[in-house]
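Going by the numbering used here, 1123 is the number at position 74 of the sequence shown; the sequence numbering is gapless.
Ideal Cβ placement from N, Cα and C applies to all residues, glycine included.
Small disclaimer: the values here were computed from a predicted structure and weren't measured.
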Amino acid sequence: GSDHQKETWLTCIDWIRDNNLDTWDQSHVLAGVRGSGYWPVEIAVAGKYRFEVRRWPREVNKPITAALPAQTKSDTTLNSKPWAMGAGKGIPAIKVKLKVGQEIVEKSIADNDTFTEFSLDLPRGNTQIQAWLINKDQKAQGAYYVYVKKL
1050 GSDHQKETWL
1060 TCIDWIRDNN
1070 LDTWDQSHVL
1080 AGVRGSGYWP
1090 VEIAVAGKYR
1100 FEVRRWPREV
1110 NKPITAALPA
1120 QTKSDTTLNS
1130 KPWAMGAGKG
1140 IPAIKVKLKV
1150 GQEIVEKSIA
1160 DNDTFTEFSL
1170 DLPRGNTQIQ
1180 AWLINKDQKA
1190 QGAYYVYVKK
1200 L
C-alpha cells in the first residue's frame, strides 16, 4: 500500500509455516496440501485495504472449490523432456477466514466463488496476515493466494 506498490500478491511459497507440510511449489498447490502459515508484512500507509483470498491464482480464475484437469499439452520442459501440470485437487471449502494482526473476519462461500473479498482499516506498521479455507467439519487449510490492495 505505497506509491511504489499499490497491490501486493502473497503466495504460499512465502509462508512462515505453522506445520510441517510443504507448500513451496505448484505440485503442492495442485495436490491441495493442507499446509498453512502466515505472511509477515509491513503496512506502509494506514488506511483501508482490500483482501482478495483465493485457492487458485487470478490467472487460473477457477472457483475456490474447483478441481482442475491435467494439462494435455504444454511448452514446458523438465530435464529436457516435455512436461505438463497434473490435475488439481478441489478443496471442499464452505468459508474463508482471514486474520490480519489481531482482527479475524470470516465469510461463507458459494461453489462458484473464485475468491472472497474483505475490506479492513489497518494502522501503519508491521503485522502478520493469515488466510484459511474452512471445510464443513471446520478443518482449516491455508489459502494459497491473497491479493492485498490499498483503497
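Burial state of residue i, where buried means 16 or more other Cβ atoms lie within 10 Å
i, result
"K1146", "buried"
"G1084", "buried"
"G1174", "exposed"
"I1065", "exposed"
"L1200", "exposed"
N- and C-terminal bounds of the beta strand (DSSP E) containing residue i
i, result
"A1142", "1142 to 1149"
"Q1190", "1189 to 1191"
"L1127", "1125 to 1127"
"K1111", "Premise fails: K1111 is in no beta strand (DSSP E) and is neither H nor E."
"W1132", "1130 to 1132"
CA-to-CA distance, residue j to residue i, given in whole angstroms
i, j, result
"G1135", "N1068", "25 Å"
"K1198", "L1127", "35 Å"
"K1097", "F1167", "10 Å"
Beta-bridge partners of residue i, as assigned by DSSP
i, result
"G1096", "L1171"
"S1157", "K1144"
Residue i vs residue j beta-carbon contact at 7 Å
i, j, result
"E1108", "F1164", "no"
"A1115", "S1123", "no"
Min CB distance residue i to chain D below 7 Å
i, result
"W1088", "The structure shown contains no chain D; it is built from a single protein chain."
Range of the contiguous alpha helix (DSSP H) that encloses residue i
i, result
"V1195", "Not the alpha helix (DSSP H): V1195 falls in the beta strand (DSSP E), residues 1194 to 1199."
"L1059", "Here L1059 belongs to no alpha helix (DSSP H); instead the beta strand (DSSP E) covers 1056 to 1060."
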